[in-house]
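2 protein chains.
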Amino acid sequence: MRNWLPAYGYGSYTRFRRTGLLRASPPIVLAAGFVVLILIGTLLLALPVSGTRPIGLMAAFFMATSAVTVTGLAVIDPAVSLSPFGQIVLISLVQLGGLGFVTFAVIAAITLGKKLSLGQQALALEAFNQTSVSRIRRTAISVLRISLTVEALAALVLALWWWRDYPFLTAVYRATFHAIGAFNNAGFSLFPGSIAQFVGDPVTILVLSTCIILGGIGFSVLSDVGQKKRWAPLLTYTKVILAGTIILNLGGFAAIWALEYRNPDTLGELPVHAQALAAWMQSVTSRTAGYVSIDVSELRDSSTLVTMLLMFIGGGSLSTASGIKVGTFIILVAAVYSYLFHRKEVVLFKRSVSPDTVQKALALLLVTAALVFAGTLILTVLEDAPLVDIAFEVVSAVSTTGMSRGLTPQLSTPSQLLVIVLMFVGRLGPLTLAYSLATQKRSRVRYPETEFQVG
Amino acid sequence: MRNWLPAYGYGSYTRFRRTGLLRASPPIVLAAGFVVLILIGTLLLALPVSGTRPIGLMAAFFMATSAVTVTGLAVIDPAVSLSPFGQIVLISLVQLGGLGFVTFAVIAAITLGKKLSLGQQALALEAFNQTSVSRIRRTAISVLRISLTVEALAALVLALWWWRDYPFLTAVYRATFHAIGAFNNAGFSLFPGSIAQFVGDPVTILVLSTCIILGGIGFSVLSDVGQKKRWAPLLTYTKVILAGTIILNLGGFAAIWALEYRNPDTLGELPVHAQALAAWMQSVTSRTAGYVSIDVSELRDSSTLVTMLLMFIGGGSLSTASGIKVGTFIILVAAVYSYLFHRKEVVLFKRSVSPDTVQKALALLLVTAALVFAGTLILTVLEDAPLVDIAFEVVSAVSTTGMSRGLTPQLSTPSQLLVIVLMFVGRLGPLTLAYSLATQKRSRVRYPETEFQVG
Ligand SMILES: [K+]
Ligand SMILES: [K+]
C-alpha cells in the first residue's frame with residue numbers, strides 16, 4: 001500500500017475506492033459510482049436487443065436512473081417495451097443500486113459512528129480510511145447475505161404460488177424479478193398495471209409487502225434484531241424504528257381503507273378481504289416501494305395526501321428506502337412533543353437524543369421539503385397538468401417511491417431530466433447530507449449570541 | 001393590592017387580566033379575550049341592523065372570527081351584505097383584534113425577554129406579573145400611537161386621492177376602513193373584487209402596501225428603527241427582519257411577475273406599470289394581508305405555490321401578521337445553511353443564534369405544517385373541490401392571510417367551523433407556542449443519551 005497522500009491519511013482509502021477520484025469524500029465516491037452504473041445501464045438498455053423495439057437513449061437514461069436509484073418511475077412499460085434481456089438489465093441495475101447503496105451507507109455509518117461517538121471530531125474521511133478492509137468485506141458480505149436470503153425465499157414462495165397460473169420458467173422468472181424489485185423497493189413490475197391483478201391475493205400481497213418492509217427498514221435494524229431476537233436488549237434506534245414502522249404502516253392502512261372504501265374506482269368494488277389487502281399494500285408501498293395494486297390516479301385527494309406524506313417520510317436509514325426516513329420523522333415529532341411539554345431533552349424509550357441529532361433531522365427535513373417545493377414549482381411551469389398530479393410525481397421521485405398518477409410517461413424531455421435529477425438527489429441526498437452533517441466542525445470564529453424572536 | 005395567591009405570586013397579575021380566570025397563563029388570557037371579542041362581534045353582526053338583510057348567526061360567527069383574527073376570509077361580501085353599521089362593527093373588530101394581539105404580544109415579549117435573558121428559568125407567569133402596570137401602560141400607548149398614526153396618515157392620503165371619484169364622506173369612510181384593514185393586515189374591502197379596480201393605481205397600491213408592510217413587520221422592528229434611525233446600531237433581529245422582508249417582497253414580486261406576465265386572466269392584459277404594481281401588491285399581500293388586485297383563482301399553479309409559500313412564512317413577530325413568521329423562516333434557512341457548510345453555530349449578521357431559538361423555530365414550523373396538513377386533509381374529505389383550492393384556502397386561514405380562490409363562500413357549515421378553528425389557532429397558536437417554549441424547564445429526570453441515525 002502506497003501512502004502517497006500522507007497528510008490526509010488517504011493510504012488505505014485507495015484500496016476501497018474504485019473511481020480514481022483523488023481527495024474525494026465518500027459521498028462523492030458513491031455518487032460517482034451511481035453515475036457510472038447509470039451510464040452503463042443507459043447504454044445497455046439503449047441496445048436494440050434490450051427493447052421489443054429500440055427505446056431510445058433518453059428513455060434508456062430515464063429507466064437506468066430509475067432502476068439504480070430504486071425508484072420505479074417509468075417512461076416505458078418494462079413488461080411491454082423491454083425484451084427479457086432488457087428486463088434482466090433493469091432488475092440487475094436495481095439489485096446493484098440497492099445493494100451498493102446499502103453496503104456503502106452501512107460502512108459509512110459504522111466508521112462514522114465509531115469515530116464520532118468517541119467524541120473525536122476528526123475528519124470523517126480519516127475514519128473512513130482507517131476502517132480495515134476486512135471489516136468492510138465482512139459488512140458487505142453480511143448485507144449481501146441478508147439481501148439474497150430474503151430475495152431467494154420470496155422468489156421461491158412466489159414462484160410456487162404463481163406456477164398455478166404461469167408456466168414454471170415464467171413463474172420463476174417473474175417471481176425472481178418481483179422479489180428483487182420488492183426487497184430493493186423498486187416498483188418495476190412485469191405485469192400489466194403493476195400488481196393490480198393480485199389485489200386480493202393474500203400470498204402475493206403478504207410476500208411482497210414483507211419484502212418491502214424488510215428491505216426498507218434498514219440493515220442495522222435487521223442486524224440488531226437478528227442478533228438479539230428479544231425486545232429488551234435491542235438498541236433504542238432499533239426499537240424506535242420498529243415501533244415507527246408498525247405505527248406508520250397500520251396508520252396508513254387504516255386511513256386509506258377508511259378514506260377509500262366507498263370509492264368505486266379503488267377499493268369500493270372489492271370484497272372486504274381484498275379491501276384490507278389493498279389498503280395494506282397501498283400503505284406499505286407508499287413508504288417507498290412503488291408497487292401498486294390499485295390505481296393511484298383514482299385515489300381521493302385525502303388518500304393522495306396521506307400517500308404523499310407516507311412517501312415523504314419513507315423507510316428506515318441504511319436501507320433501500322429513501323425519503324426523510326422514519327427515524328428523522330420520529331425525531332422531529334419527539335422534538336416538538338418535548339418542546340410543547342416543556343422539556344429540554346428529546347426522549348425516546350427512556351433515552352435522550354442529542355440536540356445535534358435533532359438539528360440533523362431538521363436539516364434533512366428542510367432540504368427535502370425545499371427539493372420537493374422547487375421540483376414541483378419547476379414542473380408546474382414545464383408541464384400543463386393538475387397540480388396534485390405534479391406534486392405527487394415529484395414527491396414520488398424525491399422519495400424514490402416510484403408511484404405515478406400517470407404523468408411520467410407523458411413528460412417532455414426537460415421534465416424527464418428534472419425527474420432524473422430529483423430521483424438521483426432524492427436517493428443520494430439524505431445520506432450525503434447526513435454524512436456531511438456528521439463531519440461538521442465548530443468554526444474558529446465565534447460570534448456573540450443575540451436574542452431572536454420567533455413565532 | 002391583595003396578594004391573595006402568594007404561593008404563585010399572582011398578586012399584581014390580577015390587575016392586568018380582566019377575564020376572571022384564575023391561574024390562567026397569559027396565552028390563555030389572550031385566547032379568552034379573543035373568544036369574548038368574537039362572541040360579542042358575532043352577536044353584533046347577527047343583529048338585523050348589521051346586514052342589508054340578516055346574515056344569520058353562522059355567517060356572523062365566521063365574519064367575527066375572521067375579523068378578530070385579522071384574516072379577511074369572508075362567507076359574505078361585507079361591501080354588499082353588511083350595512084354601514086355592520087361594516088363599522090367588522091372593522092372595529094379588526095382594529096381591536098389587531099391592536100389587542102400586538103399589545104399583548106409585545107408585553108409578553110418584554111416580560112419574558114427581560115426575565116429569561118438573565119438566565120432565570122422562573123415561571124414566565126411570574127415575570128409577567130412583576131412587570132409594572134406603568135410599563136404595560138406605556139407599551140400599550142406606544143403600540144396604539146404607532147398604529148393610529150400610520151392608519152391616520154394612510155386614511156388621509158387615500159381619502160384625498162379617492163375624493164376624485166367618490167363623494168367626500170364616502171371617500172373618507174372607505175379610506176379609513178381600508179387603512180385600518182391594511183395596517184392590521186385584514187383583507188376586508190368595501191369595493192367589489194377587493195381592490196381590483198386600483199390594480200394600476202400607484203397611489204392606492206403604494207399606500208396600502210406600505211400599511212401592510214408596516215403593520216406586518218412587527219412592533220419591535222418599528223420601535224427599534226424609530227429610535228435609532230441608522231442601520232449600524234440596529235438590533236440584529238431588526239436587521240434580519242428588514243433584510244428578510246425586502247428579500248421576500250422583491251423575490252415574490254419578481255417571481256409572480258415572471259410567472260404571470262403572459263397569463264391573460266391576471267397580468268397579461270395590463271400595461272407594464274400596472275403589471276409591476278399588481279405583482280408587487282400580490283407579493284406584499286401574500287405575506288398576510290389578503291387584499292388582492294388580481295383574481296387569485298386565475299393564478300397559474302406555479303404562482304399559486306409561490307403565494308402559498310409566502311403566506312405560510314407570513315410577516316414579522318409581534319405584528320398583525322401570522323404565519324410561521326419571517327424570523328422563524330430565516331432562522332431555519334440559516335440553520336440549514338450552517339449545517340451544510342459544516343458550522344455548528346447559526347450566524348446572522350455576525351451574531352450567533354442559540355440552539356434553543358433554532359429548536360423553537362423547528363417547533364413552530366412543524367406545528368404549523370401539521371395544522372395545514374390536517375386542515376387540508378379534513379377539508380378534502382368534507383368538500384368536493386380541487387385540492388389546490390382547498391390547500392390554498394387552508395394555508396390562507398392558518399396564516400390568517402385571507403386570500404381566497406373562491407372556496408370559502410361555498411363551504412358547508414362543518415367546513416366553515418373548521419376554517420374558524422384554523423384562523424383562531426393560526427392567529428394565537430404561534431404566540432402561544434413561542435410563549436410556552438420560552439418557559440420550558442429542564443426535566444428533573446435525566447436519561448442516558450443514545451446514538452440515533454437520521455438520513
Ligand atoms: K421505489
Ligand atoms: K389577513
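Top line first, the protein sequences correspond to chains A and B. full-length UniProt numbering puts the last residue of the first sequence at 455; the count rises by one with no breaks. full-length UniProt numbering puts the last residue of the second sequence at 455; the count rises by one with no breaks. Glycine is no exception: its CB is placed at the ideal position from the N, C-alpha and C atoms.
Give the interface partners of residue i over in chain A, defined as CB-CB distance under 7 Å, in chain order.
i: residue 238 of chain B; result: Within chain A, no residue comes near residue 238 of chain B; the closest Cβ sits about 10 Å away, beyond 7 Å.
i: residue 332 of chain B; result: 366
Which value, in whole angstroms, describes the spacing of the CA atoms of residue i and residue j?
i: residue 248 of chain B; j: residue 285 of chain B; result: 12 Å
i: residue 483 of chain B; j: residue 233 of chain A; result: Residue 483 of chain B is absent from the model: chain B starts at 1 and stops at 455.
i: residue 203 of chain A; j: residue 183 of chain A; result: 16 Å
i: residue 163 of chain A; j: residue 98 of chain A; result: 27 Å
i: residue 412 of chain B; j: residue 143 of chain B; result: 38 Å
i: residue 358 of chain A; j: residue 235 of chain A; result: 18 Å
i: residue 167 of chain B; j: residue 102 of chain B; result: 34 Å
i: residue 230 of chain A; j: residue 70 of chain A; result: 31 Å
i: residue 259 of chain B; j: residue 89 of chain B; result: 39 Å
i: residue 276 of chain B; j: residue 296 of chain B; result: 16 Å
i: residue 137 of chain B; j: residue 145 of chain B; result: 12 Å
i: residue 311 of chain B; j: residue 368 of chain B; result: 12 Å
i: residue 313 of chain B; j: residue 422 of chain B; result: 16 Å
i: residue 155 of chain A; j: residue 105 of chain A; result: 26 Å
i: residue 44 of chain A; j: residue 50 of chain A; result: 7 Å
i: residue 335 of chain A; j: residue 366 of chain A; result: 15 Å
i: residue 266 of chain A; j: residue 299 of chain A; result: 7 Å
i: residue 410 of chain A; j: residue 85 of chain A; result: 25 Å
Which residues of chain B have a Cβ atom closer than 7 Å to the Cβ of residue i, listed in chain order?
i: residue 336 of chain A; result: 363, 366 and 367
i: residue 30 of chain A; result: The premise fails here: residue 30 of chain A is roughly 13 Å from chain B at the closest Cβ pair, so nothing lies under 7 Å.
What does residue i reach in chain A if we use C-beta pairs closer than 8 Å?
i: residue 418 of chain B; result: Under the 8 Å cutoff, chain A gives no residues; its nearest Cβ is about 14 Å from residue 418 of chain B.
Spatial neighbours of residue i within its chain, please: C-beta separation below 7 Å, excluding the five flanking residues on both sides.
i: residue 191 of chain A; result: 79 and 197
i: residue 457 of chain B; result: No information on residue 457 of chain B is available, as it lies outside the stretch 1 to 455 that chain B covers here.
i: residue 256 of chain A; result: 279, 282, 283, 303 and 306
i: residue 62 of chain B; result: 75, 416 and 420
i: residue 37 of chain A; result: 68, 93, 96 and 97
i: residue 172 of chain B; result: 159
i: residue 200 of chain B; result: 270, 271, 273, 274 and 277
i: residue 65 of chain A; result: 38, 420, 423 and 424
i: residue 83 of chain A; result: 49, 50, 51 and 52
Got a sec? Which residues, its chain only, sit under 6 Å from residue i by beta carbon, not counting five neighbours each side?
i: residue 76 of chain A; result: 55 and 59
i: residue 317 of chain A; result: 218, 325 and 327
i: residue 401 of chain A; result: 288, 290 and 311
i: residue 177 of chain A; result: 91 and 190
i: residue 347 of chain A; result: none
i: residue 383 of chain B; result: 415
Note down, in chain order, every chain B residue with its Cβ under 9 Å from the Cβ of residue i.
i: residue 214 of chain A; result: By Cβ distance, chain B contributes nothing, its closest Cβ being about 17 Å from residue 214 of chain A, past 9 Å.
i: residue 208 of chain A; result: Within 9 Å Cβ-Cβ: nothing; residue 208 of chain A doesn't reach chain B, min ~26 Å.
i: residue 45 of chain A; result: Near residue 45 of chain A there are no residues of chain B at all, since even the closest Cβ is about 30 Å away, more than 9 Å.
Taking Cβ-Cβ distances shorter than 8 Å, what residues in chain B pair up with residue i?
i: residue 250 of chain A; result: Here the premise fails: no neighbours, minimum Cβ distance about 18 Å.
i: residue 190 of chain A; result: By Cβ distance, chain B contributes nothing, its closest Cβ being about 33 Å from residue 190 of chain A, past 8 Å.
| request: Taking a Cβ distance cut-off of 8 Å, strictly less, list which residues of the region 284-312 of chain B are near chain A, in chain order. | output: 300, 301, 302, 304, 305, 306 and 309
| request: Only counting runs of 3 or more residues, tell me where the beta strand (DSSP E) segments fall wholly within the region 305-332 of chain B, in order along the chain. | output: Correct list: empty.
| request: Entirely within the region 330-417 of chain A and at least 3 residues each: give me those beta strand (DSSP E) ranges in chain order. | output: 346-348 and 351-353
| field | Residues, ordered as in the chain, of the region 350-378 of chain B that lie near chain A by beta-carbon distance below 9 Å | value | 350, 351, 352, 353, 354, 355, 356, 357, 358, 359, 360, 361, 362, 363, 364, 365, 366, 367, 369, 370, 373, 376, 377 and 378
| request: Please list the residues of the region 377-401 of chain A that have a C-beta atom closer than 7 Å to any C-beta atom in chain B, keeping them in chain order. | output: 377, 380, 381, 387 and 388
| request: Please go through the region 30-82 of chain A and give each complete alpha helix (DSSP H) segment of 4 or more residues, from N-terminal end onward. | output: 57-68 and 78-81
| Contacting positions in the region 255-280 of chain A - beta carbon closer than 8 Å to chain B | 259
| query | Which of the residues in the region 147-173 of chain B, read from start to end, lie with their CB under 7 Å from any CB of chain A? | reply | none
| query | Where are the alpha helix (DSSP H) runs, 4 residues long or more, that stay fully inside the region 210-238 of chain A, in chain order? | reply | 219-228
| query | Could you give the uninterrupted runs of the alpha helix (DSSP H) lying entirely in the region 126-166 of chain A, keeping only those of 4 residues or more? | reply | 133-162
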